[in-house]
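Under this note's numbering, the sequence shown has 83 at position 83, and the numbering climbs by one with no breaks.
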Amino acid sequence: MENDHSRTATAAESTEKKKNRKMQDLPLRTAVAVVLIAILLCVIWFGGWIEAIVLGLFTAVAIYEMRNIFRKKGLSPFVLPLTVMGLSMFIILYKFGLLYTFALAVLAFLAVVIERIMNHKRTNDDLVASLMLFVYPIIGLTSLALCGFEKDSLSRVALFCCFVGPIMADNAAYLVGSLIGKHKLCPSISPHKTIEGAVAGLIGGALGGVLAYFVQKLWGFDIEMWKLILVCFIGGGIGQFGDLLSSTFKRWAGVKDFGTIFPGHGGVMDRIDSELTAAPLVFLFFSLFVF
1 MENDHSRTAT
11 AAESTEKKKN
21 RKMQDLPLRT
31 AVAVVLIAIL
41 LCVIWFGGWI
51 EAIVLGLFTA
61 VAIYEMRNIF
71 RKKGLSPFVL
81 PLTVMGLSMF
91 IILYKFGLLY
101 TFALAVLAFL
111 AVVIERIMNH
121 KRTNDDLVAS
131 LMLFVYPIIG
141 LTSLALCGFE
151 KDSLSRVALF
161 CCFVGPIMAD
171 NAAYLVGSLI
181 GKHKLCPSIS
191 PHKTIEGAVA
201 GLIGGALGGV
211 LAYFVQKLWG
221 FDIEMWKLIL
231 VCFIGGGIGQ
241 FGDLLSSTFK
251 RWAGVKDFGT
261 IFPGHGGVMD
271 RIDSELTAAP
281 LVFLFFSLFV
291 F
């Protein structure tokens with residue numbers, strides 16, 4: 001009985017310490033969140049060079065973070081050509097178009113393949129990890145850029161939807177899941193996520209579409225509300241799978257966060273995991289039904 005009481009007291013002390021630590025970190029977390037929101041607003045509002053540079057930097061850091069995840073499992077992906085591509089591809093896409101960007105991607109792919117053939121220390125498992133980076137995170141980030149760079153075009157609304165759907169879904173899922181969540185969604189991947197939270201996330205994503213409908217007026221557009229609700233509903237739903245996907249990588253590697261570049265918030269991948277899966281579908285939706 002004494003051991004039981006001791007364990008209970010120790011657990012209570014540990015929980016209290018975690019709460020105190022969170023409260024101590026709150027000002028820093030809030031300050032970082034404000035900076036991230038400011039960066040996001042600048043990217044969405046101004047587009048152009050600001051969007052190209054920020055996406056390039058985020059891509060390079062995301063590649064580095066995924067490289068570290070693979071290294072935790074003993075893999076050594078060849079990331080130099082991917083990093084160079086990530087840093088430069090959005091500037092090339094903005095100034096020269098998709099054809100030259102595709103050429104850059106082909107060169108990066110060939111560099112990865114040739115290096116594997118010439119470097120006998122590089123294994124096929126390393127090669128698979130390298131090629132995986134083309135898909136995750138590069139395709140998702142590229143989809144954000146494919147929405148466009150021009151300040152006074154529908155690309156601003158599309159880019160806004162890439163973020164507002166997943167963000168609203170994530171916050172709604174967290175709020176409802178914390179308050180009334182009882183049924184676990186994917187306990188083997190993310191034990192704190194609940195079915196109630198996931199359903200609330202879908203509603204939150206749809207509400208993001210309502211917000212997008214009014215925000216688009218700032219750019220002088222009038223896309224039908226149902227279209228924006230639908231695309232943000234889809235983005236919010238798929239974004240939850242993106243969140244779970246990132247959790248599988250972190251659980252696989254045995255880490256809490258992808259990185260530490262944003263104190264209190266983790267790494268770039270921690271901040272954009274939902275958007276990476278939502279952005280390709282948002283881009284396709286706008287291409288088929290809006291642009």
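Glycine residues also receive a C-beta, built at the ideal position from the N, C-alpha and C atoms.
Classify Thr194 as helix, strand or coil using the three-state DSSP reduction.
Three-state result, Thr194: strand.
Considering only C-alpha positions, which residue in the set Leu185, Val210, His192, Ile189 is nearest to Val199?
The shortest Cα separation from Val199 among Leu185, Val210, His192, Ile189 belongs to Leu185.
Residues near Pro77 in its chain [Cβ-Cβ closer than 7 angstroms; skip 5 each side]
Only Arg67, Phe70, Asp126, Ala129, Ser130, Leu133 meet the Cβ criterion.
When you compare only the Cα positions, how much space is there between Ile44 and Phe285?
Each residue's alpha carbon lies about 18 angstroms from the other.
What's the gap between the Cα of Val290 and the Cα of Ile223?
Straight-line measurement puts the Cα of Ile223 at about 8 angstroms from the Cα of Val290.
Return the bridge partner residues of Phe262 from the DSSP annotation.
BP columns for Phe262 point to Gly266.
Measure the CB-CB distance between Leu228 and Ala253 and report whether it falls below 8 angstroms.
Contact flag unset, no.
Excluding the five sequence neighbours on either side, which residues of its own chain have a C-beta within less than 7 angstroms of the C-beta of Ile92, listed in chain order?
Spatial neighbours of Ile92 in its own chain (CB-CB distance under 7 angstroms, excluding positions within 5 residues in sequence) are listed in chain order as Tyr100, Thr101, Leu104.
Could you tell me the alpha carbon to alpha carbon distance between Ile50 and Lys182, rounded to whole angstroms?
The alpha-carbon of Ile50 is positioned some 43 angstroms away from that of Lys182.
Close-in-space but distant-in-sequence residues of the same chain around Pro280 (CB under 6 angstroms, 5 per side omitted):
If you ignore the 5 residues before and after Pro280, its C-beta comes within less than 6 angstroms of the C-beta of Ser143, all in its own chain and listed in chain order.
Exposed unless 16 or more other CB atoms sit within 10 angstroms - verdict on Lys121
With fewer than 16 other Cβ atoms within 10 Å, it is exposed.
Cys186 (DSSP reduced to helix, strand or coil):
Per DSSP, reduced to three states, the secondary structure at Cys186 is strand.
Ignore the nearest five residues each way along the sequence and tell me which others in Ala278's own chain have a CB closer than 7 angstroms to its CB.
Correct list, in chain order: Cys162, Gly165, Pro166, Gly235, Ile238, Gly239, Gly242.
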